[in-house]
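Numbering (the working numbering), first residue to last: 562 to 748.
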């Protein structure tokens with residue numbers, strides 16, 4: 562396990578929630594050695610049994626195994642009788658694949674985000690931003706702006722670092738090497 566802990570993708574896995582990771586379901590191993598058994602990977606911390614509502618990050622793989630054995634008796638896990646530990650490359654492969662899929666989803670999400678509505682002076686067009694947020698059926702002000710007692714500043718440049726709504730848009734001001742040209746809607 563010590564080598565898995567050093568894997569940067571394992572560290573990222575621990576930092577994200579089960580919902581963010583969209584983990585594959587725990588499936589039976591079809592190899593001759595483990596036929597009919599499911600394998601929990603070394604270092605794994607989230608339950609992947611299909612339809613399990615438990616989103617807990619277990620403190621260890623052993624605690625995850627105990628959860629699966631107790632809460633999902635229909636699932637047979639590979640045990641000590643099959644012996645041996647997977648090679649280091651196999652240990653890393655699970656976390657590398659999970660994080661590659663996560664990165665692809667995040668990249669695709671960025672591509673489909675609408676552009677932040679801006680005025681000619683490149684400041685946020687607050688009215689249009691709030692209209693766009695409401696069209697997404699989200700409340701204005703956002704929860705963070707409410708919680709920090711700044712509901713009137715929601716969608717303003719002053720709270721860009723904390724306002725949840727800025728995450729819903731791509732900011733053309735952040736694109737390096739490109740000159741900003743306002744669209745017809747922004748003019």
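We put the CB at the ideal spot given by N, CA and C, even for glycine.
Alpha carbon of residue 701 to alpha carbon of residue 587, nearest angstrom
Reading the chain shown from its first residue, position 140 is the one you call residue 701. Reading the chain shown from its first residue, position 26 is the one you call residue 587. Distance between the alpha carbons of residue 701 and residue 587 is about 40 Å.
Find out if the Cβ-Cβ distance for the pair residue 754, residue 599 is shorter than 7 Å.
The first residue shown for the chain is 562 and the last is 748, placing residue 754 beyond what the model contains.
Inter-residue CB distance, residue 723 and residue 694 (contact presumed, cutoff 8 Å):
For the purposes of this step, residue 723 is taken as the residue at position 162 of the chain shown. For the purposes of this step, residue 694 is taken as the residue at position 133 of the chain shown. Actually they are not in contact, since the Cβ atoms of residue 723 and residue 694 sit about 15 Å apart, beyond 8 Å.
By alpha-carbon positions, which one of 634, 676, 636 and 582 ends up nearest to residue 617?
As a working mapping, residue 617 is identified with position 56 in the chain shown. Checked all of 634, 676, 636 and 582; the closest Cα to residue 617 is 582.
What's the call for residue 677, buried or exposed, on a 16-neighbour Cβ count within 10 Å?
Mapped onto the chain shown, residue 677 falls at position 116. Counting Cβ neighbours within 10 Å, residue 677 comes out buried, since at least 16 surround it.
On the CB-based measure, 16 or more other CB atoms within 10 Å of its CB, does residue 739 come out buried or exposed?
The residue you call residue 739 lines up with position 178 of the chain shown. At residue 739 the pLDDT is 43, less than 50, meaning the model places this residue with poor confidence; the figure from the coordinates comes in the next sentence. By the neighbour-count rule (16 or more Cβ atoms within 10 Å), residue 739 is not buried but exposed.
Over what stretch of residues does the alpha helix (DSSP H) that includes residue 576 continue unbroken?
In the chain shown, residue 576 corresponds to position 15, counting from 1. Counting along the chain, the alpha helix (DSSP H) containing residue 576 begins and ends at 569-576.
Suppose contacts are defined by Cβ-Cβ distances below 7 Å. Is residue 622 in contact with residue 635 by that definition?
Here residue 622 is taken as the residue at index 61 of the chain shown, counted from 1. Here residue 635 is taken as the residue at index 74 of the chain shown, counted from 1. Not a contact, by the Cβ cut-off of 7 Å.
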